[in-house]
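Below is one structure, written out as structure tokens; comments come after it.
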Amino acid sequence: MTTPSGTPIQSSTQDVVWIQIYENEKPEMELIKYFKDKTVEQNIKIYCERYNLVGESRYAIHYASDGRLLTNEGSKDLEHGDKLHLHKSSDVIAEEIFNGLVDLSGTVANINRLAIYAGRSKFADEFTKRGGLTIFLQRLEESIQQDCFASFLQCVRGLWQLGKINWNDKAIHKIIDKCVTYIEQAAKNSPTAVKSVVQSLEFFHDGVSKYPDLYKEISEKVSYGLLNRCLEWTDDDIQSSSLALIVALLKGKVDRSSWKATREIIYKEDIRDTIVKNVIRRSGGIRELRQSDSKKRKSQQLLAFQHLMLNTLIGRMSLSSITPDKVKSKLDQLRKTVREAGVYAVAGADEEIEMNNETDFKILGSMNPRDPTLDLNDEPSGLLALDNMIFFSNKQNDNFRKFILENCGCNDSQACPFMKSSIALTKLLCNLLKIGDASFSLNENDSYIEVFFDSDTVFEELFCVCIQIWSKTWKEMHATSEDFNKVLNIVQEQITRSLRDNPTTIDIFKITISRLNFNQILKLLHSDIQDTIEKNCKEKVIKELTGRLTPKIKALIKQQRLNQLVKGELFVKALKKERGYLAMRLSPNYKVLHYKELEDSNIPQLDEMSKKIPVTDITEVKTDNEAQKGRGPKSAYQLNIYYKDEDNHIQELNLACNGEATHSIWCDGILCLLGKEMTSAEADNDFNTLIKMDIRLRLLEIENVKLPKLPPPIPPKPDNFNFVDEYYH
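Numbers 2 to 730, taken from our numbering, label the letters of the sequence shown in order.
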């Protein structure tokens, strides 16, 4: 950012900041100085003189973003580039609007102006103090023109939320009737009507969500049929406001009745079908809603409605919602499916297997075959899990029979228990979808999943797909009863990743999850771990840790190289005229290189090597590329050691290594003896491998711990050290 003269803004003076300011007569922003060492009033005086405005006491400065009044305390936090608005003060504006409302000829203009300031606390106080609220409510008794109806409602909502209008004021009840009438008579998609319908819906939403005593009146006068018609409008704001009001009304129904009654309303009034037809499909689906900023609120409201729909299952998440006789009846219904599936016939021994209730439930995979109700007592499964099992056996009988028959012939440890798996799966789905989660809140980055609008029995259909995936995964893992929780974790990954792709129908979900077999999940989990490690390695704290570990890792590699030199190696003589081998070892004290020329390929002991090169006499070591030309036949792994003899002449020892690894080890080792850095690619690879391994092991110890951007502050020293044990030293 630059000053009006074009020079960059400097922040050397703490008491002066460059702000962007505009005043009513000049709507364009202007970059100007704000003096933080002066009061707001003194700065206003400077600006009034600049803009030739009379009476600085009649003006105030507000934040352009939200209209908050700038105070002397708040001005201390101003930064370069902040946007402010210089305009008339609240008392002046309140006086002007009040006088305008008294004069009937200016009602429309002043209502529109009042809508801008009605939600600001200081203005509302000034306006009410002058008796403006009385005049404003008198206008309510008169006919409100359609072109200012939206502004009128915006005024009501602003004053209402600030407590200037009481919820039981008769004006509020009249406004409810006016809003209902207006929505019913509004011309669809008219620009003027859109603003008024949105404000009407928002007014109803405020009443339902913030004033419980108004719930009954609004819920009786605003029908779901009327809201369904609002969803047919193409405007995003109307659809968002309609969805928000529907969710608020349904939540209120839960508080006053039950989840069951709420579920009946959703399907009786065809709310879900209307949303799918007029909101989701017309909007182009979830991707379109994510891309458009104007539609994000609608996406959030769809998520709220989705959560509300799924929460209608809460009443069935325990057995307390029905009588023991009905539980027994449902269990008997499930038990009979075992015999209808022909399990005993497949077993081929009616004589060997006694057909009784306990045997039936054992085949079904109950953990308590004598009293299977004990299996269902663990919430949040309960009746919901039992209903899912019955739905699966009735609606997909062939798949149910296949599940039971495939496991009835296995021994107890290898069989996949249907009831136990169904109960665990139902609990898993409830947790993943946050059904009954009191801590659920709308997150800006979360969005609805279109598949949950696919049908009225979407949860049950989702269960049918997932229980088959459970059986498939069980077989792919060759699982036993001890691996039950492992299978549960893999299935959780399969479901989570499939829903992450936002399938639009159950069929698409089934195709997506079928592709994620056990081996594929393992690959994805491994990839996620690698990505997490790579991401963490880029963090500042990890880079600092890498810097601290580097000397230790390099010392470890150096020690390994020297150990190899002490162990010794057999080289081929590099010069063409020489034949045979040359054995070389480093003394354990790292001071002398011992070597000996050999005819065979056995490395002798250190005391058998008569020739020596003190390390202090070595001047340098070169590879073949660095060696002088014409010294003999080139070798890809040639090593040349230069040292001083007794006469202080430079001598050269040429070695031909038998491989790249040996060449790298000896080159690095001799460089270490000379106090130089290792230069081979092998040394770099070893360093990268060891440092990554060390970092990863340390990261595993703090798994799921968020790495801080900055180190924690060092606490101050204590006032005294009297707590130190006198015998400690």
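Every residue gets a Cβ at the ideal spot worked out from N, C-alpha and C, and that includes glycine.
Fair warning: this is a prediction, and the values are worked out from it, not measured in the lab.
Take residue 643 as the anchor and find which of 662, 660 and 622 has the nearest alpha-carbon.
Counting from 1 along the sequence shown, the entry for residue 643 is found at position 642. Answer by Cα proximity: 622.
Tell me, which residues are paired with residue 615 by DSSP?
As a first step, residue 615 must be located in the sequence shown, where it is residue number 614. BP columns for residue 615 point to 593.
My assumption, with CB atoms under 8 Å, is that residue 176 sits in contact with residue 157. Please give the rounded CB distance.
The sequence position of residue 176 within the sequence shown is 175, counting from 1. The sequence position of residue 157 within the sequence shown is 156, counting from 1. Contact flag correct, Cβ pair sits at about 6 Å.
Leaving out five residues before and five after residue 261 in sequence, what residues of the same chain have Cβ atoms less than 7 Å from its Cβ?
Numbered from 1 along the sequence shown, position 260 holds the residue referred to as residue 261. Within the same chain, residue 261 has close Cβ partners 316.
The alpha helix (DSSP H) enclosing residue 694, as first and last residue numbers
For the purposes of this step, residue 694 is identified with residue 693 of the sequence shown, where counting begins at 1. Where residue 694 is concerned, the enclosing alpha helix (DSSP H) stretches over 682-702.
With distance defined between alpha-carbon atoms, name the residue in 482, 694 and 619 nearest to residue 535.
Counting from one through the sequence shown, the residue named residue 535 turns up at place 534. Among 482, 694 and 619, the Cα nearest to that of residue 535 belongs to 694.
Measure the alpha-carbon distance for residue 307 versus residue 453 and round it to whole angstroms.
Translated into positions along the sequence shown, residue 307 becomes position 306. Translated into positions along the sequence shown, residue 453 becomes position 452. So the alpha carbons of these two residues sit roughly 7 Å apart.
Thinking C-alpha only, which one of 591, 620, 583 and 210 is nearest residue 610?
Within the sequence shown, residue 610 is the residue found at index 609, counting from 1. Comparing Cα-Cα distances from residue 610 to each of 591, 620, 583 and 210, the minimum goes to 583.
Three-state secondary structure (DSSP) at residue 624?
Start at 1 with the first residue of the sequence shown, and residue 624 comes out as number 623. Looking at residue 624 - three-state DSSP - the assignment turns out to be strand.
Give the list of continuous alpha helix (DSSP H) stretches no shorter than 4 residues that lie fully inside the stretch 473-538.
485-501, 507-516 and 519-538
Tell me whether residue 533 is buried or exposed, calling it buried when 16 or more other Cβ atoms sit within 10 Å of its Cβ.
For this step, residue 533 is matched to residue 532 along the sequence shown. Residue 533 should be labelled exposed.
Tell me the rounded alpha-carbon separation between residue 132 and residue 442.
By 1-based counting over the sequence shown, the position of residue 132 is 131. By 1-based counting over the sequence shown, the position of residue 442 is 441. When rounded, the distance between both Cα atoms is 41 Å.
Hey, residue 223 and residue 181 are a contact pair by Cβ (cut 8 Å); roughly how many whole angstroms apart?
Counting from one through the sequence shown, the residue named residue 223 turns up at place 222. Counting from one through the sequence shown, the residue named residue 181 turns up at place 180. Sure, about 6 Å apart at Cβ, within 8 Å.
Alpha carbon to alpha carbon, what distance is there between residue 616 and residue 645?
Your numbering for residue 645 matches position 644 in the sequence shown. Your numbering for residue 616 matches position 615 in the sequence shown. Rounded to the nearest angstrom, the two C-alpha atoms are 10 Å apart.
Have a look at residue 201 and residue 272 and give me their C-alpha separation to the nearest angstrom.
As a working note, residue 201 is residue 200 in the sequence shown. As a working note, residue 272 is residue 271 in the sequence shown. Those two C-alpha atoms are separated by around 20 Å.
Following the continuous beta strand (DSSP E) through residue 573, name the residue where it begins and the one where it ends.
Locating residue 573 in the sequence shown gives position 572, where the first residue counts as 1. Looking at the DSSP string, the run of the beta strand (DSSP E) that includes residue 573 is 570-574.
Out of 501, 433, 432 and 507, which one is the CA nearest neighbour of residue 455?
Here residue 455 refers to the residue found at position 454 when the sequence shown is read from its first residue. Taking only the C-alpha atoms, the option nearest residue 455 is 507.
Suppose only complete runs of 4+ residues qualify. What are the alpha helix (DSSP H) ranges in the stretch 83-130, listed by chain order?
91-103, 108-118 and 122-130
Taking the Cβ atom as the reference point for each residue, do residue 674 and residue 563 lie within a distance shorter than 9 Å?
Here residue 674 is taken as the residue at index 673 of the sequence shown, counted from 1. Here residue 563 is taken as the residue at index 562 of the sequence shown, counted from 1. Yes.
Within the same chain, show all residues whose beta-carbon is closer than 8 Å to that of residue 707, passing over the 5 residues directly before and after it, in chain order.
Along the sequence shown, read from residue 1 onward, the residue named residue 707 stands at position 706. Contacts found: none.
By the three-class DSSP mapping on this structure, what secondary structure does residue 721 have?
In the sequence shown, counting from the first residue as 1, residue 721 sits at position 720. Three-state result, residue 721: coil.
Looking only at C-alpha atoms, which of 671, 589 and 394 sits nearest to residue 337?
Along the sequence shown, one-based indexing puts residue 337 at 336. With distances taken between Cα atoms, residue 337 lies closest to 394.
Kindly indicate the opening and closing residues of the alpha helix (DSSP H) around residue 57.
In the sequence shown, residue 57 corresponds to position 56, counting from 1. Looking at the DSSP string, residue 57 is not in any alpha helix (DSSP H), and its letter there is neither H nor E.
Determine the DSSP secondary structure at residue 36, reduced to helix, strand or coil.
What you label residue 36 is simply residue 35 of the sequence shown in a count that begins at 1. Here residue 36 sits in strand by DSSP.
Return yes when the Cβ of residue 559 is within less than 9 Å of the Cβ of residue 679, no when it is not.
Against the sequence shown, residue 679 aligns to sequence position 678. Against the sequence shown, residue 559 aligns to sequence position 558. Yes.
Simplified DSSP state of residue 267, which is helix, strand or coil:
Position 266 of the sequence shown, counted from the start, is the residue given in the question as residue 267. Helix.
Give me the Cα-Cα distance between residue 390 and residue 335, rounded to the nearest whole angstrom.
For the purposes of this step, residue 390 is taken as the residue at position 389 of the sequence shown. For the purposes of this step, residue 335 is taken as the residue at position 334 of the sequence shown. So the alpha carbons of these two residues sit roughly 8 Å apart.
Taking the DSSP output, what are the residues bridged to residue 585?
As a working note, residue 585 is residue 584 in the sequence shown. DSSP, once it has assigned bridges, lists 570 and 596 as partnering residue 585.
Check for me: the alpha helix (DSSP H) holding residue 662 runs from which residue to which?
Along the sequence shown, one-based indexing puts residue 662 at 661. Taken as a continuous stretch (DSSP letters only), the alpha helix (DSSP H) holding residue 662 covers 661-674.
Hey, would you say residue 114 sits closer than 9 Å to residue 98, going by beta carbons?
Position 113 of the sequence shown, counted from the start, is the residue given in the question as residue 114. Position 97 of the sequence shown, counted from the start, is the residue given in the question as residue 98. Their beta carbons are under 9 Å apart, which means residue 114 touches residue 98 by this criterion.
Identify the residues that DSSP records as bridge partners of residue 643: which are they?
For the purposes of this step, residue 643 is identified with residue 642 of the sequence shown, where counting begins at 1. In DSSP, residue 643 forms a bridge with 621 and 653.
Measuring straight from C-alpha to C-alpha, what distance separates residue 505 and residue 277?
Here residue 505 corresponds to residue number 504 of the sequence shown, with the count starting at 1. Here residue 277 corresponds to residue number 276 of the sequence shown, with the count starting at 1. Approximately 11 Å, taken between the alpha carbons.
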